[in-house]
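Below is one structure; the comments refer to it alone.
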Amino acid sequence: MNRNCIVFLRQLSALALIAALLLGGSIAAQDDPAVIDWANDAAWHEAGQDAVGEASLGATGIGVNTVIFTSTDSYQAAVRGALPTEDAFPLFDWWFGYRMKDLVDAGLLADVTDIWQTHIDNGGYPASMMGSFGFDGRAYGLPKMINYWIVFYNKHVFAEHSLEVPTTWDELMAVAEALKSNGVTPFGLDVVGCRWCSFIWFEEMMVRVDPALYQSVMSGETAYNDPQVIAIMEQWRDLLDAGYFSQPGDFADNWAEPFVNGSIGMFLIGDWYTASLERAGFIAGEDYGVFVMPGITEAGNRSLIIEGRPLLIAENSPQRDVALEFADYFMSVEGQTIWAETSDINSPSLLAPEETRPGHLVDLANAVANGEYELYTRYWEATPPQIVEQVVDLLGQFVLDPASLQTVLDGAEQIAQDYWASAGGE
Amino acid sequence: MPDTNQVSTEPLRKEGPITALGRAPLEAPTRALALLRKIEPYLYLLPALLLVGGLLLYSVAHTFAISFTDWDLITPPRFAGLKNYIDAIRDPTFTRSFSNTLIWTGGSLLLPVAGGLLLAVILERIPGQRVLKTLIYLPAILSTTVVAAIWSYVYTNNGVLNETLRWVGLEALARPWLVFAPTNTLAMIVASSWRALGPSMVLFLVGLQTIPPELIEAAKIDGAGERILFWRIKLPLLRPITAIVVIMSVIGSFMTFDLVWVMTQGGPGRSSETLAVTMYRQAFIMWRMGYAGAVAVILSTIVIAFSIFYLRATLKRSALW
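So the sequence lines, in the order shown, correspond to chains A and B.
Each residue of the first sequence is one higher than the one before, counting from 1 in our numbering.
Each residue of the second sequence is one higher than the one before, counting from 1001 in our numbering.
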């Protein structure tokens, strides 16, 4: 082979390499139509998603390819950026309520009301649940996870101080006082390492006193600095001033530790906290129990905060219809049983076998299905994120400095007014 | 015997120029081969050009363009003129982020730069310096997230710092370090400096080793003490290294994001936000890409302007500029 030839072949190889690099993306993008991407930002969902996908492949011919993002922010950016295009993930997890409203308003989500209705009619889901997954009577998300916000209490601490589970607000306050006088912090709350946690007691106090007022504030009809809201916040301020909460800066990033070691008696949080406690070796029923916080008023006795993680389907995805078919399977008893068995997540389906769900959460789900509670969407999703994201910082300031109550509520109202004024014109 | 050191140009003229693909012959090349040979250097540059052009220049231009729009990623961008810049400058949180960033800059100059220089000067002439250098450099190999996690534990109310203060009888100094401003920002600067001290110390040590010993000897013969030696000889001769360390620290401090994001997320109540955190928050939490773009442009302009003026002032007569 002469030198000319060698040189020419080398140059050709270089060109071929570059061409391969450029074309590589488009070759890899050719997907099997029977396998749909299912994106989320929760790595701990991966095993469950894969298992449901495998079962679905056998039952419906539709498989899933789990796409995990390790950062919530980059996940949201990637999903939002792709949603208006055909490159949108056909299936993806999101946040419910107002967190999905802009996607609904932009026409980017498939309507899943019919799928909901089928499974409500089958007795799989309480009808009251669907409202949190859509707007104006239509649903745009399916329940991948449902969590209720309840009080976890350390059974050993309660037993040590001869305390009973409180059934009224006065009893709860008596328990808190008893714990405090025995050197145990009654309630854990972290607003330093967890900026959003500042809303937990805001929403809870609101729905325990006047759930209608809570909804009215969420929809912008009542001001944050309305005298009724101020009165409720003053009650929370009294609890802060009484020393019933952990001190700012008490936590690093492991909330379970002080609860497990008994330095904190109670924790108001989503029932997903069950998994953290299990990982810490704390057993439900033996080491800890749960209760729904008693109402401060009669109206507040039946309230329960709900948090949902919806499964959404992209309207613009070429695989939209296949994704809808898969979603129907996912909602079914078979899909939910596999999901509950493999994901370590409590199935929201009432028909999922009870042995796949922690006993205390089965009781709660049944109580909801029996109409014992009115569900109220968590603050994070109950009002527009443009308001929430700023108000949680203000509420964090309030926890650090309870004397700033009026300033905080005035600031929150200003933020809300600015948003509703601009949203009103759209 | 021919002189092998003598470089002859004669063969080059006969066989054509040397390229990375070998010496190309001149005799009767095909037209395609000639074309390929002409574009060959550009092919090697292409990956780098694509990277720089695609990832940097395009991003800069795109960010600049979106800073004049309202854009939430899901609806088309709408032209907003200078609204984002005006909003940013009027926003009290932006002002607070800016002042926090300046605190970061001051802290980064004081601790990693001045501290690194001091350590280098001390370590240069004490026994056992190798072990000490390694220990001081060690945190630099940790990721920022790990550093943030470690220091989050150090700073909790019952963390190592407060417990130590109580143990040595300085209980009055124990406090919630990450809760109130500006203590939270200062505490995070210390955490960041713990990691940054080692690299700047090493750079200064390298700089000190490049100072000709005869200069030091001559100064000593002239009667210069340690203080004079440092201020009149070593420090002026360290100027190029100092410039690099200062520039890196200042740029790093303006870009401070990850440590703050992990430790406080800019809170509580946005009290520890830096400009980079504000930018990220506006982009990926509030979905105000235009506003975030405006903050990015302001941030970059400050950093570039500072870098140019500082380098010009510091290295005017140096070979580096």
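In this text, a Cβ means the ideal position worked out from N, Cα and C, and glycines have one as well.
At the 8 Å Cβ level, is P186 (chain A) part of the contact set with chain B, yes or no?
no
Return yes when the Cβ of G220 (chain A) is within less than 8 Å of the Cβ of W420 (chain A), no when it is not.
yes
Within the continuous beta strand (DSSP E) that includes V290 (chain A), where are the two ends?
Y288 to F291
Would DSSP call S1272 (chain B) helix, strand or coil?
coil
Is any heavy atom in the ligand COA found nearer than 7 Å to the beta carbon of I1136 (chain B)?
The ligand COA is not part of this structure, which contains no ligands at all.
Along the chain, where does the alpha helix (DSSP H) that runs through N1184 (chain B) open and close?
T1183 to Q1209
Between V431 (chain A) and the rest of its own chain, which residues show a CB-CB distance below 8 Å, the 5 nearest in sequence each way excluded?
Here chain A covers residues 1 to 426 and nothing more, so residue 431 (chain A) does not appear.
Could you tell me the distance, in whole angstroms, from the CA atom of K1083 (chain B) to the CA atom of T167 (chain A)?
54 Å
Taking the CB atoms as reference points, tell me whether V112 (chain A) and Y140 (chain A) lie closer together than 8 Å.
yes
What's the gap between the Cα of V1060 (chain B) and the Cα of V64 (chain A)?
37 Å
Could you pull out every unbroken alpha helix (DSSP H) segment of at least 4 residues lying fully inside the stretch 1054-1108 of chain B, listed in chain order?
1058-1066, 1083-1090 and 1092-1108
Out of B:K1234, B:F1306 and B:L1197, point me to the one whose CA is closest to I1251 (chain B)'s CA.
B:F1306
Report the residue from A:E204, A:V229 and A:I200 whose alpha carbon sits nearest the alpha carbon of L213 (chain A).
A:V229
Report yes or no: is there a C-beta of chain A within less than 8 Å of the C-beta of M1201 (chain B)?
no
Under a Cβ-count criterion, where at least 16 other Cβ atoms within 10 Å of its own Cβ denotes burial, should K144 (chain A) be classed as buried or exposed?
With 16 or more Cβ atoms within 10 Å of its Cβ, K144 (chain A) is classed as buried.
Check the Cβ-Cβ distances between D410 (chain A) and every residue of chain B, and say whether any is below 8 Å.
no
Given that a residue counts as buried once 16 or more other Cβ atoms are within 10 Å of its Cβ, and exposed if not, what is L1259 (chain B)?
buried
Note down, one range per segment and in chain order, each beta strand (DSSP E) of at least 3 residues found wholly within the stretch 201-239 of chain A.
None, since the stretch 201-239 of chain A contains no complete beta strand (DSSP E) of that length.
Would you say T1075 (chain B) lies against chain A (beta-carbon separation less than 8 Å)?
T1075 (chain B) counts as touching chain A.
Run down chain A in chain order and give the residues with a C-beta less than 8 Å from the C-beta of D1072 (chain B).
R80 and D102
Taking 8 Å as the threshold (beta carbon to beta carbon), is R195 (chain A) in contact with chain B?
yes
Taking buried to mean at least 16 other C-beta atoms within 10 Å of its own C-beta, is L83 (chain A) buried or exposed?
buried
Which ranges would you report for the alpha helix (DSSP H) in the stretch 122-185 of chain A if only whole runs of at least 4 residues count?
127-130, 155-160 and 169-181
Specify the secondary structure class of N301 (chain A) as computed by DSSP and reduced to three states.
helix
Using a Cβ-Cβ cut-off of 6 Å (strictly less than) and excluding sequence neighbours within five positions of V35 (chain A), which residues of its own chain qualify?
Closer than 6 Å at the Cβ level, and outside the excluded window around V35 (chain A), lie G63 and N65.
Should W1177 (chain B) go down as buried or exposed, given a rule of 16 or more other Cβ atoms within 10 Å for buried?
buried
If you measure from the beta carbon of N1084 (chain B) to each beta carbon in chain A, is any gap under 8 Å?
no
Is there at least one Cβ from chain A nearer than 8 Å to R1078 (chain B)'s Cβ?
no
Can the beta-carbon of E1189 (chain B) be found less than 8 Å from the beta-carbon of G1115 (chain B)?
Before going on, a small fix: residue 1189 (chain B) reads as Ile here, not Glu. No. Outside cutoff.
Give me the residue from A:I313, A:G411 and A:W169 with the minimum Cα distance to N301 (chain A).
A:W169
Whose Cβ in chain A lies nearer than 7 Å to the Cβ of F1284 (chain B)?
D73, Q76 and A77, listed in chain order.
Q44 (chain A): buried (16+ other C-beta within 10 angstroms of its C-beta) or exposed?
The question names Gln, yet the displayed sequence has Trp at residue 44 (chain A). Result: exposed.
With a 10 Å radius around its C-beta and 16 neighbouring C-beta atoms as the bar for buried, classify D31 (chain A) as buried or exposed.
Any reading at D31 (chain A) must be qualified, since the residue scores a pLDDT of 48, below 50, and its modelled position is unreliable; no value is offered.
Are any of the Cβ atoms in chain A nearer than 8 Å to that of L1045 (chain B)?
L1045 (chain B) does not count as touching chain A.
Give the straight-line distance between the Cα atoms of S198 (chain A) and L57 (chain A), rounded to the nearest whole angstrom.
43 Å
Nearest to L1111 (chain B) by alpha carbon, out of B:T1264, B:W1167, B:G1269 and B:S1249?
B:S1249
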